[in-house]
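Undergrad: Handing you this structure, nothing more for now.
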Amino acid sequence: AVDSESEIRLEYEPAAWPVYLGLAYSLSSNNYNFPALKAFGVGVELQPNPRHALSPYGSYFYFPNQPGTYPLADPNNPNSGSYQSSYRANEFTLGASLRIPRTHLTLVGGYKQTTNVARMSSFNFVQDGPFIGLGYRLR
């Protein structure tokens with residue numbers, strides 16, 4: 291099974307605050323016939339500080355309506371119908387960024403959890419786990 295998630299964020303940093311306030315668009319999809327879920331949301335994010343070698347970061351985003359459509363019976367038969375589902379999603383990330391000296395690279399790692407609560411569906415679900423990655427800072 292493969293789960294995919296894409297997210298676009300537009301964030302604003304108020305002058306005296308160490309956090310960003312943001313709007314987000316999320317698209318979650320998979321290869322096992324669970325519907326693709328799309329949503330707009332709002333949240334807050336603490337960005338890592340590029341002046342520190344080790345810096346924490348975190349975010350919380352809330353997506354109030356994340357709808358998707360299940361195909362029923364035969365996906366090749368347009369008369370077989372479909373079923374609408376919808377969730378409320380809470381997305382939480384905690385992690386740290388480690389700057390690699392004399393480069394523009396950073397090593398990032400942490401934990402992410404997305405909790406989906408049924409609005410129009412028969413079940414709730416949670417996707418969570420650790421992550422690690424490599425980042426490149428442009429400036």
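The letter at position 98 of the sequence shown is residue 388 when you use my numbering, and the numbering goes up by one with no holes. Built from N, CA and C at the ideal position, the CB exists for glycine as well. Because the structure is a prediction, the values reported are computed rather than measured.
Do you know whose CA, among Thr383, Arg389 and Leu362, lies nearest Pro344's CA?
TA: Correcting the residue identity first, residue 344 is Leu in this sequence and not Pro. Leu344 has its Cα closest to that of Arg389, out of Thr383, Arg389 and Leu362.
Undergrad: Taking Cβ to Cβ, would you say Ser376 is nearer than 7 Å to Arg341?
TA: no
Undergrad: Which residues does DSSP list as the beta-bridge partners of Thr393?
TA: Looking at the DSSP assignment, Thr393 forms no beta bridge with any residue, so it has no partner.
Undergrad: Using alpha carbons as the reference points, say which of Pro338, Gln356 and Ile422 lies closest to Gly348.
TA: Pro338
Undergrad: With respect to the beta strand (DSSP E) encompassing Glu301, which residues constitute its N-terminal and C-terminal limits?
TA: Asp293 to Tyr302
Undergrad: Hey, is the stretch 401–408 in contact with the stretch 377–388, meaning 3+ C-beta pairs nearer than 8 Å?
TA: yes
Undergrad: Taking the alpha-carbon positions, what's the Ser296 to Lys328 distance?
TA: Taking the straight line joining both Cα atoms gives about 10 Å.
Undergrad: Helix, strand or coil, according to DSSP, for Ser370 in the structure here?
TA: For Ser370, the secondary structure class from DSSP, reduced to helix, strand or coil, is helix.
Undergrad: How many Å lie between Ser294 and Phe421 at the Cα?
TA: 14 Å
Undergrad: Comparing alpha-carbon positions, which option in Arg392, Ser411, Thr393 and Ser387 lies nearest Tyr373?
TA: Ser411
Undergrad: Less than 7 Å between the C-beta atoms of Gly419 and Val398, yes or no?
TA: no
Undergrad: Pull up the distance between the alpha-carbon of Pro308 and that of Pro354, whole angstroms please.
TA: 25 Å
Undergrad: Is the beta carbon of Ala326 sitting closer than 7 Å to the one on Gly358?
TA: yes
Undergrad: List the residues that DSSP assigns as beta-bridge partners of Arg378.
TA: Val407
Undergrad: Measure from the alpha carbon of Tyr302 to the alpha carbon of each residue in Gly400, Leu362 and Val334, then state which is nearest.
TA: Val334
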